[in-house]
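Remarks on the structure that follows.
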Amino acid sequence: MMVSRGKRLLENIRFSAGIWVFSPCADRFEPTGYKDVGSPVDRINMAGQVEGLEGLILQYPTIVNFENIDDVRNALKENKLKAAQVDAVLFSRKFAKGSFTSADEKLRSEAIKLAKETIDITRELGSNYAGFWLGQDGYDYPFQVDYRDMWDKEVSAIKEIAEYAQENAPNVKICLEYKLKEPRCYITLSSAAKVVILAQEIGMPNVGATLDFGHCLFGQENPAESVEFLNRYGRLFTVHINDNYSYWDDDLFFGSLHTIQAFEFVYSLSKVNYQGWIGLDLFPYRESAVSVCEMSIKNFKHMARLLDEIPMDELQLALSKHDAVSAFNAIKKALFKS
């Protein structure tokens with residue numbers, strides 16, 4: 000008997016995109032970027048052209064702040080978009096040697112203050128998700144940091160902002176986006192397991208993970224397993240989709256490379272009854288931002304619909320026996336019509 004997993008999943012999710020998708024897309028060879036883009040409002044207007052997009056992941060304070068919040072709110076409304084999430088910009092030059100883990104107590108306090116302000120503006124924009132990608136928290140060399148001190152600072156800062164959110168914005172969740180490396184050679188929150196351990200230590204229900212499909216790949220995690228692992232502990236808050244070659248964060252459009260893993264990922268999202276935002280975390284240096292967003296949405300939706308063509312009884316029997324060949328025979332009937 001076939002279960003309408005795909006239909007249910009598509010009813011429960013909405014697609015958003017990171018505002019950076021519509022940025023100039025700079026790299027170290029072209030630091031000014033490959034595209035000409037305008038103001039935050041101009042970028043929101045560009046996002047409004049994406050068919051199937053319902054929300055944006057904004058950034059505080061570079062894209063939205065308390066001076067331009069009305070302009071941003073109006074632009075979102077005009078483009079029929081929601082503020083899906085607001086991410087704290089804790090990875091700028093100021094925090095090059097760490098934000099929550101900085102050895103400079105003044106800078107660390109500034110980082111925590113910025114995080115709390117991010118929670119405030121998230122609440123004001125009507126979003127339930129504040130994002131924290133702590134890309135500068137970590138190290139590059141052996142003997143560069145005291146690991147115990149680094150983790151003490153990371154945990155205590157996140158606990159402080161979680162308590163702040165609980166008191167001042169009880170509907171806002173703290174979404175920790177983990178990543179193996181870049182810009183630091185070692186990032187503190189580098190895996191799903193580390194996020195879960197940290198969240199369990201803090202012991203608050205508003206602390207969880209943003210799972211990024213591509214971060215799983217080059218972090219040597221299986222994205223589908225990470226979905227189910229994080230869900231097991233109640234820490235799967237938001238999801239980002241993209242693709243890469245498994246050794247760098249290329250942020251290519253979803254489904255362009257790892258089709259089988261992407262299909263299993265969509266299957267696992269349906270299995271755990273994921274309900275929430277699917278964020279497009281892409282970096283289209285040379286392609287149209289609108290087109291890569293639309294391709295990612297189309298690929299995800301297509302895979303979700305194909306779930307309903309899998310003979311689920313056959314697949315479940317194969318999984319119960321750890322029979323990879325029989326499992327593949329079941330899914331290829333949907334994927335390859337053979």
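Just so it is clear: in the sequence shown, position 189 is 188 by numbering that gives the first Met the number 0, and no numbers are missing. Every residue, glycine too, gets a C-beta built ideally from N, C-alpha and C. Quantities reported herein were computed from a predicted structural model and do not represent experimental measurements.
Review point. In this structure, does DSSP put residue 133 in helix, strand or coil?
Key: Position 134 of the sequence shown, counted from the first residue, corresponds to residue 133. Coil, per DSSP.
**Study point:** 8 angstroms contact criterion, which residue 71 and residue 43 should meet: CB distance rounded
**Key:** For the purposes of this step, residue 71 is taken as residue 72 along the sequence shown, with counting starting at 1. For the purposes of this step, residue 43 is taken as residue 44 along the sequence shown, with counting starting at 1. The pair is a contact, with the Cβ atoms about 7 angstroms apart (cut-off 8 angstroms).
**Study point:** Residue from 228, 123, 128 and 39 whose Cα sits closest to the Cα of residue 192
**Key:** Here the question's residue 192 lines up with position 193 in the sequence shown. For the residues 228, 123, 128 and 39, the minimum Cα distance to residue 192 belongs to 228.
Review point. When we look at the beta-carbon of residue 266 and count the other beta-carbons within 10 Å, is it buried (16 or more) or exposed?
Key: The sequence position of residue 266 within the sequence shown is 267, counting from 1. Answer is buried; the Cβ neighbour count reaches 16.
Review point. Using 8 angstroms as the threshold, is the segment 245-262 in touch with the segment 195-208, meaning 3 or more CB pairs across them?
Key: no
Check your understanding: In chain order, what residues of the same chain lie with their CB nearer than 7 angstroms to the CB of residue 160, ignoring the 5 residues before and after it?
Key -> In the sequence shown, counting from the first residue as 1, residue 160 sits at position 161. If we look at residue 160 and ignore the five residues flanking it on each side, its Cβ neighbours are 111, 114, 115, 118 and 173.
Exercise for review: Can you say whether residue 204 is buried or exposed, counting buried as having 16 or more other CB atoms within 10 angstroms of its CB?
Suggested key: Counting from 1 along the sequence shown, the entry for residue 204 is found at position 205. Exposed.
**Study point:** Runs of beta strand (DSSP E) wholly within the segment 155-215 (minimum 3 residues, chain order)
**Key:** 172-176 and 206-211
Check your understanding: Considering only the beta carbon of each residue, do residue 83 and residue 121 sit closer than 8 angstroms?
Key -> Against the sequence shown, residue 83 aligns to sequence position 84. Against the sequence shown, residue 121 aligns to sequence position 122. It is not a contact, given that the beta carbons lie outside the stated cut-off.
Point to revise | Beta-carbon proximity check, residue 213 vs residue 234, cutoff 8 angstroms | key: Taking the sequence shown and counting its residues from 1, the one referred to as residue 213 is at position 214. Taking the sequence shown and counting its residues from 1, the one referred to as residue 234 is at position 235. In this structure, residue 234 does not lie closer than 8 angstroms to residue 213 by Cβ.
Check your understanding: Taking the Cβ atom as the reference point for each residue, do residue 330 and residue 253 lie within a distance shorter than 8 angstroms?
Key -> Walking along the sequence shown from the start, residue 330 turns up at place 331. Walking along the sequence shown from the start, residue 253 turns up at place 254. Taking 8 angstroms as the Cβ cut-off, residue 330 and residue 253 do not qualify as a contacting pair.
Check your understanding: With a Cβ-Cβ cutoff of 8 angstroms, do residue 296 and residue 51 count as a contact?
Key -> Counting from 1 along the sequence shown, the entry for residue 296 is found at position 297. Counting from 1 along the sequence shown, the entry for residue 51 is found at position 52. Their beta carbons are under 8 angstroms apart, which means residue 296 touches residue 51 by this criterion.
Practice item. Check residue 239 in the structure and name its three-state DSSP category. Key: Position 240 of the sequence shown holds residue 239. Look at residue 239 here: in three-state DSSP terms it is strand.
Review point. Are three or more beta carbon pairs between the segment 279-298 and the segment 17-32 nearer than 8 angstroms?
Key: yes
Review point. How many whole angstroms separate the CB atoms of residue 326 and residue 317, which I take to be in contact at a CB cut-off of 8 angstroms?
Key: Counting from 1 along the sequence shown, the entry for residue 326 is found at position 327. Counting from 1 along the sequence shown, the entry for residue 317 is found at position 318. Confirmed, about 4 angstroms.
Point to revise | Cβ shell of residue 0 (< 8 angstroms), same chain only, five flanking positions each side left out | key: In the sequence shown, counting from the first residue as 1, residue 0 sits at position 1. Per-residue confidence for residue 0 stands at a pLDDT of 47, beneath the threshold of 50, marking its modelled position as unreliable; no derived number is given.
Practice item. From the DSSP output, read off the bridge partner residues of residue 138. Key: Translated into positions along the sequence shown, residue 138 becomes position 139. In the DSSP output, where bridge partners are listed per residue, residue 138 has 185.
Practice item. With DSSP as the reference, label residue 8 as helix, strand or coil. Key: Locating residue 8 in the sequence shown gives position 9, counting from the first residue. Helix.
**Study point:** Cβ pair count under 8 angstroms reaching 3, the segment 179-186 against the segment 125-137
**Key:** At 8 angstroms Cβ cutoff, the stretches touch.
**Study point:** Option nearest residue 143 by Cα separation, candidates 320, 102, 75 and 306
**Key:** Taking the sequence shown and counting its residues from 1, one reaches residue 143 at position 144. Of the candidates 320, 102, 75 and 306, the one whose C-alpha sits nearest the C-alpha of residue 143 is 102.
Point to revise | For residue 17, the residue or residues it bridges with in DSSP | key: Working through the sequence shown from its first residue, we reach residue 17 at position 18. 56.
Check your understanding: What is the DSSP secondary structure of residue 251, counted as helix, strand or coil?
Key -> Position 252 of the sequence shown, counted from the start, is the residue given in the question as residue 251. Three-state DSSP puts residue 251 in a strand.
Exercise for review: Can you check DSSP and say which residues form a bridge with residue 128?
Suggested key: Numbered from its first residue, the sequence shown carries residue 128 at position 129. According to DSSP, which records beta bridges pairwise, residue 128 is partnered with 172.
**Study point:** Endpoints, the beta strand (DSSP E) within which residue 84 is located
**Key:** Along the sequence shown, read from residue 1 onward, the residue named residue 84 stands at position 85. Counting along the chain, the beta strand (DSSP E) containing residue 84 begins and ends at 81-87.
Check your understanding: Using the rule of at least 16 other Cβ atoms within 10 Å of the residue's Cβ for burial, across every protein chain shown, is residue 152 buried or exposed?
Key -> On the sequence shown, position 153 is the one that residue 152 refers to. So residue 152 ends up on the buried side.
Check your understanding: Given residue 12, which residues of its chain have a CB within under 6 angstroms of its CB, disregarding the five upstream and five downstream residues?
Key -> One-based indexing of the sequence shown puts residue 12 at position 13. Within the same chain, residue 12 has close Cβ partners 277.
Point to revise | With 16 other Cβ atoms within 10 Å as the buried cut-off, status of residue 211 | key: Numbered from its first residue, the sequence shown carries residue 211 at position 212. Residue 211 is buried by the Cβ-count criterion.
Check your understanding: Once you ignore the five residues that flank residue 218 on each side, which residues in its own chain have a CB closer than 8 angstroms to its CB?
Key -> Start at 1 with the first residue of the sequence shown, and residue 218 comes out as number 219. The answer, listed in chain order, is 177, 178, 179, 189 and 190.
Review point. DSSP on residue 229, reduced to helix/strand/coil?
Key: Numbered from 1 along the sequence shown, position 230 holds the residue referred to as residue 229. Residue state, collapsed to three classes: helix.
Point to revise | Backbone secondary structure at residue 296 - three-state DSSP | key: On the sequence shown, residue 296 is found 297 positions in, with the first residue counted as 1. Collapsing the DSSP output to three states places residue 296 in a helix.
Exercise for review: Return helix, strand or coil for residue 277, following the three-state DSSP convention.
Suggested key: Sequence index remark: in the sequence shown, residue 277 carries index 278 (1-based). Residue 277 falls in the strand class under three-state DSSP.
Exercise for review: With 8 angstroms as the threshold, decide whether the Cβ of residue 332 is near any Cβ in chain D.
Suggested key: This model lacks chain D altogether; it includes just one protein chain.
Practice item. Buried or exposed for residue 86, please, with buried defined as at least 16 other CB atoms from any protein chain shown within 10 angstroms of its CB. Key: As a first step, residue 86 is located in the sequence shown; it is residue number 87 there, counting from the start. Flag for residue 86 reads buried.
Review point. What three-state label does DSSP hand residue 0 in the structure shown?
Key: The residue you call residue 0 lines up with position 1 of the sequence shown. Note that residue 0 scores a pLDDT of 47, beneath 50, so its modelled location is shaky and nothing firm can be said.
Check your understanding: Where does residue 101 sit, in a helix, a strand or coil, going by DSSP?
Key -> Start at 1 with the first residue of the sequence shown, and residue 101 comes out as number 102. Coil, per DSSP.
**Study point:** Span separating the alpha-carbon of residue 156 from that of residue 99
**Key:** Here residue 156 refers to the residue found at position 157 when the sequence shown is read from its first residue. Here residue 99 refers to the residue found at position 100 when the sequence shown is read from its first residue. In a straight line, the C-alpha of residue 156 is about 6 angstroms away from that of residue 99.
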